[in-house]
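Below is one structure, written out as structure tokens; the observations come after it.
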Amino acid sequence: MSNTASSIVGPAPAELLQRADVTLRKGRHTLINDRLTPEQAHVRDLLSIRKTLERSGLEHLLVRGDRGRLVIALDRADRKRINRVFTASAPDEPFYAKPLDRDEPAALVSAGRFARGKARVWRLWRPRIDPSGQLRYGAANGVQIELWDFGAEEIVAPLENALMRRRLPRTEAIDERIELHGVVWPTLQNMFAPHVSDVSFPIDMVFSWVDGNDPEFQKRRAERMQGHVIGEGDDHEARFRQIDELRYALRSVHLFAPWVRRIFIATDSPRPAWLAEHPKVTLVRSEEFFERQEDLPTHNSHAVEAQLHRIEGLSEHFLYSNDDMFFGRPVSPDDFFSPGGISKFFEATTRIGLGDTNPSRSGHDNAARVNRRLLRERFGAITTRHLEHTAAPLRRSVIAELEQEFPAEFRATAGSPFRAADNISVTNSLYHYYALMTGRAVTNEHSTMLYVDTTARRGCAAWSGCSAIAIGTSSASTTAASRRSRRGSGCAG
Numbered sequence: 013m014s015n016t017a018s019s020i021v022g023p024a025p026a027e028l029l030q031r032a033d034v035t036l037r038k039g040r041h042t043l044i045n046d047r048l049t050p051e052q053a054h055v056r057d058l059l060s061i062r063k064t065l066e067r068s069g070l071e072h073l074l075v076r077g078d079r080g081r082l083v084i085a086l087d088r089a090d091r092k093r094i095n096r097v098f099t100a101s102a103p104d105e106p107f108y109a110k111p112l113d114r115d116e117p118a119a120l121v122s123a124g125r126f127a128r129g130k131a132r133v134w135r136l137w138r139p140r141i142d143p144s145g146q147l148r149y150g151a152a153n154g155v156q157i158e159l160w161d162f163g164a165e166e167i168v169a170p171l172e173n174a175l176m177r178r179r180l181p182r183t184e185a186i187d188e189r190i191e192l193h194g195v196v197w198p199t200l201q202n203m204f205a206p207h208v209s210d211v212s213f214p215i216d217m218v219f220s221w222v223d224g225n226d227p228e229f230q231k232r233r234a235e236r237m238q239g240h241v242i243g244e245g246d247d248h249e250a251r252f253r254q255i256d257e258l259r260y261a262l263r264s265v266h267l268f269a270p271w272v273r274r275i276f277i278a279t280d281s282p283r284p285a286w287l288a289e290h291p292k293v294t295l296v297r298s299e300e301f302f303e304r305q306e307d308l309p310t311h312n313s314h315a316v317e318a319q320l321h322r323i324e325g326l327s328e329h330f331l332y333s334n335d336d337m338f339f340g341r342p343v344s345p346d347d348f349f350s351p352g353g354i355s356k357f358f359e360a361t362t363r364i365g366l367g368d369t370n371p372s373r374s375g376h377d378n379a380a381r382v383n384r385r386l387l388r389e390r391f392g393a394i395t396t397r398h399l400e401h402t403a404a405p406l407r408r409s410v411i412a413e414l415e416q417e418f419p420a421e422f423r424a425t426a427g428s429p430f431r432a433a434d435n436i437s438v439t440n441s442l443y444h445y446y447a448l449m450t451g452r453a454v455t456n457e458h459s460t461m462l463y464v465d466t467t468a469r470r471g472c473a474a475w476s477g478c479s480a481i482a483i484g485t486s487s488a489s490t491t492a493a494s495r496r497s498r499r500g501s502g503c504a505g
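Following this note's numbering, the residues of the sequence shown are numbered contiguously, the last one being 505.
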């Protein structure tokens with residue numbers, strides 16, 4: 013989220029230096045931000061730039077850029093005027109401009125260096141940092157400004173965008189107006205029309221969570237565990253230890269996935285004291301979505317995951333996540349689904365291994381083998397790899413179809429109070445490989461996953477310079493980190 017390129021600070025106006033909410037961070041005047049999400053900060057900067065354009069009378073177009081980024085197009089013939097207008101527009105605001113088509117450092121806009129030289133593409137933004145100094149918003153979060161040539165016969169843009177090639181005949185440039193963020197913008201016809209590449213369907217998210225520190229939970233679990241054979245690691249306290257990970261998981265969705273429609277928390281624990289009522293967040297008890305009440309209570313995550321598709325009000329397309337997984341940077345719907353609803357899952361490099369199920373194996377390893385056997389019997393091909401420990405994209409209808417395909421296995425798993433050697437694991441990986449073999453899923457080839465042991469120096473060092481993170485703990489006190497190179501740089505965790 014941050015931008016680490018060098019800056020030309022320039023002579024900061026006195027009005028800027030007097031602001032109590034502005035600090036100097038790595039050579040840049042930076043707003044102290046304790047509330048705005050990346051999207052909200054982007055919109056705040058966009059509307060501020062819009063006010064400058066309106067006050068000055070500078071003609072502009074709002075354009076849909078690559079991957080949906082908003083772009084403001086200005087007339088290159090107005091370059092000098094643009095510089096004067098922006099220099100004088102907000103002397104008390106720490107706006108910076110970074111050329112994207114020139115190897116030049118970012119410059120403070122009020123220092124009079126914006127729109128000078130030969131650059132035609134910039135990012136404008138106000139750097140922001142949270143009070144802890146950890147979460148920074150940089151140029152990747154900025155508003156893109158482009159200088160276009162508006163000739164008598166054609167319009168020439170420095171870059172292609174979502175709709176246009178670089179050159180557009182004037183006869184095809186039909187003006188249109190759209191309302192966005194409470195403002196009416198001039199644009200070109202169909203620039204913001206729904207595109208076939210858009211993921212436009214609603215996507216919800218489900219977290220499974222339990223308060224393992226609750227004495228009542230510990231008592232009930234210990235009583236039910238008597239006489240059950242528990243696989244390796246399945247009774248480790250780290251699997252249930254409560255250290256408020258859910259709080260940070262929810263915050264990460266708020267920060268980095270604002271497009272999520274609703275969040276369901278599947279739990280039998282009391283509502284966390286810190287969790288306020290919110291229209292987007294719903295706690296659902298097991299008795300609300302388990303088909304058979306006699307299967308409850310359960311201490312088996314595989315059983316819970318085999319019943320998620322029964323949650324009332326859950327969207328067809330949804331993400332499933334443990335409470336120890338977090339988004340570490342902005343993610344978009346097309347990271348998880350195609351426009352046609354194909355789910356994109358994250359295959360790990362870790363092999364399932366040889367051998368059959370065994371009560372002494374972990375529930376995770378046994379379930380992978382049960383999944384493999386069922387899929388081989390159904391499709392004649394074997395699965396070889398586990399999936400990554402990260403948010404999983406799922407479809408309710410496909411899970412329901414799976415249940416019809418393997419009714420005995422679903423029933424047995426839902427009825428197991430603890431993980432058992434014959435359990436299936438729907439969310440990892442039965443659903444994904446079944447959907448792959450039936451044309452409803454593909455592997456995500458744009459993301460690479462890294463499992464990091466945060467208890468070791470070597471593991472912690474792996475965070476350095478990461479472009480994105482999605483983390484989650486396991487019984488081995490590890491985290492999973494997602495490195496994605498498609499957008500921006502810097503870590504925000």
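Glycine residues also receive a C-beta, built at the ideal position from the N, C-alpha and C atoms. Keep in mind the model is a prediction, meaning the values are calculated, not measured.
Mark residue i as exposed unless 16 or more other C-beta atoms lie within 10 angstroms of its C-beta, in which case mark it buried.
i    : result
A393 : exposed
I483 : Residue confidence is low: I483 scores 45 on pLDDT, short of 50, so the model does not pin down where it sits. Its coordinate-derived value is still stated next. So I483 ends up on the buried side.
H41  : buried
H458 : exposed
S313 : buried
D115 : exposed
H329 : buried
R189 : exposed
S441 : buried
V195 : exposed
S428 : buried
A426 : buried
R373 : buried
T455 : exposed
E228 : exposed
Quick one: residues in its chain with C-beta nearer than 6 Å to the C-beta of residue i, no 5 flanking neighbours on either side, listed in chain order?
i    : result
L258 : W221 and D335
M449 : F391
R410 : Arg is not the amino acid found at residue 410; the sequence shown has Val there. So the qualifying residues of the chain are A447 and R452.
V438 : E317 and A318
D104 : E27 and L28
W197 : L74 and I190
L267 : T49
V155 : D57, L58, I61 and L136
Anyone know if the C-beta pair for residue i and residue j falls short of 7 Å?
i    : j    : result
F204 : H311 : no
A127 : R179 : no
S333 : A403 : yes
L387 : T396 : no
V121 : A131 : no
R76  : A174 : yes
P170 : V133 : yes
R140 : N45  : yes
I436 : N383 : yes
A432 : H444 : no
N153 : A269 : no
F349 : V211 : yes
R381 : T362 : no
R88  : D187 : no
F301 : I323 : yes
V34  : P106 : yes
Residues in the same chain with beta-carbon distance under 8 Å from residue i, minus the five sequence neighbours each way, listed in chain order, please.
i    : result
W271 : I215, S344 and P345
R273 : P214, I215, D216, K292 and S327
N202 : L175 and E188
Is any heavy atom of the ligand SAM found at a distance shorter than 6 Å from the C-beta of residue i?
i    : result
N173 : Summarising the ligand content, the structure contains no ligands, and the ligand SAM is consequently not present.
Between residue i and the rest of its own chain, which residues show a CB-CB distance below 7 Å, the 5 nearest in sequence each way excluded?
i    : result
E299 : Q305 and L308
R56  : L48
I94  : L70, L86 and A127
L295 : I277, T279 and R283
A185 : I167 and L200
E51  : P270
R62  : V195
L65  : H72
Checklist entry - Any chance the segment 261-268 sits against the segment 323-339, with 3 or more Cβ pairs inside 8 Å? => result Contact holds: three or more Cβ-Cβ distances are below 8 Å.
Checklist entry - Using 8 Å as the Cβ pair cut-off and three pairs as the minimum, do the segment 349-360 and the segment 269-289 touch? => result Contact between the segment 349-360 and the segment 269-289 is absent, because fewer than three Cβ pairs lie under 8 Å.
Next on the checklist: So within the segment 87-165, which uninterrupted alpha helix (DSSP H) runs reach at least 4 residues, ignoring any that extend past its ends?
Outcome noted: You should have 91-101.
Item to check | Segments of 4+ residues assigned as alpha helix (DSSP H) that fall wholly inside the segment 369-432 | outcome: Qualifying alpha helix (DSSP H) stretches, in chain order: 375-391, 408-417 and 419-426.
Item to check | Runs of beta strand (DSSP E) lying entirely within the segment 256-337, each at least 3 residues, in chain order | outcome: 275-278, 293-296 and 329-334, all fully within the segment 256-337.
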